[in-house]
Amino acid sequence: MEDIFTIAKKKFNSRLIVGTGKYKSFEQTASAVKASGADIVTVAVRRVNILDKKQPLLMDYLDPKSITYLPNTAGCYSSEEALRTLRLAREMGDWRLVKLEVLGDKKTLYPNMIETIKSTKILAKEGFEVMVYCTDDPILSKKIEDAGACAIMPLGAPIGSGLGIQNEINIKLIKEQSSVPVIVDAGVGTPSDATIAMELGCDGVLINTAIAEAKNPILMAEAMRYAVISGRKAFKAERMKKRSYASPSSPEENLI
Numbered sequence: 292m293e294d295i296f297t298i299a300k301k302k303f304n305s306r307l308i309v310g311t312g313k314y315k316s317f318e319q320t321a322s323a324v325k326a327s328g329a330d331i332v333t334v335a336v337r338r339v340n341i342l343d344k345k346q347p348l349l350m351d352y353l354d355p356k357s358i359t360y361l362p363n364t365a366g367c368y369s370s371e372e373a374l375r376t377l378r379l380a381r382e383m384g385d386w387r388l389v390k391l392e393v394l395g396d397k398k399t400l401y402p403n404m405i406e407t408i409k410s411t412k413i414l415a416k417e418g419f420e421v422m423v424y425c426t427d428d429p430i431l432s433k434k435i436e437d438a439g440a441c442a443i444m445p446l447g448a449p450i451g452s453g454l455g456i457q458n459e460i461n462i463k464l465i466k467e468q469s470s471v472p473v474i475v476d477a478g479v480g481t482p483s484d485a486t487i488a489m490e491l492g493c494d495g496v497l498i499n500t501a502i503a504e505a506k507n508p509i510l511m512a513e514a515m516r517y518a519v520i521s522g523r524k525a526f527k528a529e530r531m532k533k534r535s536y537a538s539p540s541s542p543e544e545n546l547i
């Protein structure tokens, strides 16, 4: 059966979204993205070089015509900052599919949900298709959807921590109640973490640090690619039921 990943009525083949920060060079970034098979890459608008023509541009290495750029508001700590950043992105490249994150503090990089909900409502009214980074709180996640988000992106653990999904129950609850895609964003450290996210029923996974900071980013990108595919297939196959006691693998009828 066809299994297409859809966000805001746009169809994608890969359920893995990758970030473009923390790599040693744009060449390495491009190679990792290719190995990951991702159709979408996130780009921190506030860190994009648009002034110095002598410096290389990410677009020279990743063609926006062949891959979807997802501008994000990394580094924004207020609704005003985030709104200004995404309006700039719209002016720069007519980008309307965007990722919103409004951070609460510099130590945890947890989202400020009050400012996030406020920003989501405004951006949705302005015609943006907003994918929203949020906490793994099912109640607040539902408010994000009600505010107009086209995708909900709960954290698995703090950004860049590599701790993996710390609250599987909440992630599963968020998926069960949501009518828009749920994409685990932040905290993935290994391919097994990505697989778990997909086995829980999530629609996708966003990964940056786990790939960029691996000793071999290209190989790790490829590993994440297949981890997401494997987890999705396992979810669709529907795992066996857990039992309290052993169950023989061979039938017991007609034994010699």
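One point on numbering: in the working numbering, the residue at position 113 of the sequence shown is 404, and numbering is uninterrupted.
Where a beta carbon is used, it is the ideal one built from N, C-alpha and C, also for glycine.
From a predicted model like this one, the values you see are computed outputs, not experimental measurements.
For residue i, the nearest candidate out of the options (CA to CA)
i, options, result
"Leu377", "Thr411, Lys397, Gly395, Glu529", "Thr411"
"Lys524", "Lys301, Met404, Arg306", "Arg306"
"Glu372", "Ser432, Lys409, Glu504, Pro482", "Lys409"
"Ala477", "Lys506, Val423, Ile435", "Val423"
"Leu348", "Pro472, Thr297, Phe317, Asp330", "Phe317"
"Gln468", "Gly492, Asp484, Gly453", "Gly492"
"Asp427", "Ala528, Lys506, Asp385, Leu446", "Leu446"
"Glu420", "Glu406, Ser470, Lys434, Gly439", "Gly439"
"Glu417", "Tyr352, Arg381, Lys398, Leu400", "Arg381"
"Lys506", "Lys301, Ile308, Lys313, Asp294", "Lys313"
"Ala415", "Leu379, Lys315, Glu436", "Glu436"
"Ile526", "Ile413, Glu490, Val309", "Note that residue 526 is Phe in the sequence shown here, rather than Ile. Ranking the options by Cα distance to Phe526, first place goes to Glu490."
"Asp330", "Ser540, Tyr536, Gln457, Arg516", "Arg516"
"Ser470", "Lys434, Asp385, Val309, Gln457", "Lys434"
"Asn304", "Asp484, Thr359, Ser541", "Thr359"
"Asp555", "Ile308, Pro355, Gln457", "There is no way to answer for residue 555, as the model of the chain reaches only from 292 to 547."
"Leu353", "Ser322, Ala365, Met383, Ala503", "Ser322"
"Cys425", "Gly453, Thr364, Met383", "Thr364"
Delimiting residues of the alpha helix (DSSP H) encompassing residue i
i, result
"Asn363", "First-last for Asn363: 359-363, but that is the beta strand (DSSP E), not the alpha helix (DSSP H)."
"Gly522", "508-528"
"Thr333", "No alpha helix (DSSP H) contains Thr333, which is instead part of the beta strand (DSSP E) from 331-335."
"Pro429", "429-437"
"Val324", "317-327"
"Pro482", "482-490"
"Lys463", "459-468"
"Ala380", "370-384"
Residue j beta carbon less than 7 angstroms from that of residue i
i, j, result
"Thr500", "Gly455", "no"
"Leu388", "Ala299", "yes"
"Thr311", "Thr320", "yes"
"Ile474", "Ala442", "yes"
"Pro362", "Val324", "no"
"Ile252", "Ser432", "The question about residue 252 has no answer here: the residues shown for the chain are numbered 292 through 547."
"Ser538", "Thr486", "no"
"Ile498", "Val479", "yes"
"Pro472", "Asp494", "yes"
"Ala518", "Ser327", "no"
"Ile295", "Lys302", "yes"
"Tyr368", "Leu394", "yes"
Extent of the continuous beta strand (DSSP E) to which residue i belongs
i, result
"Thr297", "296-298"
"Glu550", "Residue 550 lies beyond the stretch modelled for the chain, which goes from 292 to 547, so this question has no answer here."
"Gly447", "Looking at the DSSP string, Gly447 is not in any beta strand (DSSP E), and its letter there is neither H nor E."
"Lys302", "301-303"
"Ile474", "474-476"
"Ile413", "Where Ile413 is concerned, there is no enclosing beta strand (DSSP E), although the alpha helix (DSSP H) it sits in stretches over 404-416."
"Gly495", "495-498"
"Gly310", "307-310"
"Lys390", "388-391"
Neighbour-count burial assignment, residue i, 16 or more Cβ in a 10 Å radius
i, result
"Glu392", "buried"
"Ser370", "buried"
"Ile430", "exposed"
"Thr297", "exposed"
"Ala528", "exposed"
"Arg530", "exposed"
"Pro482", "buried"
"Asn403", "buried"
"Thr407", "buried"
"Lys533", "exposed"
"Asp351", "exposed"
"Ile405", "exposed"
"Asp484", "buried"
"Met444", "buried"
"Lys397", "exposed"
"Lys390", "buried"
CB contact below 7 angstroms: residue i versus chain D
i, result
"Ile450", "Reference to chain D is not applicable here, since this structure consists of a single protein chain."
Proximity test, residue i beta-carbon vs the ligand FMN heavy atom, cut-off 6 angstroms
i, result
"Gln319", "In the structure on display, the ligand FMN does not appear, and there are no ligands present to speak of."
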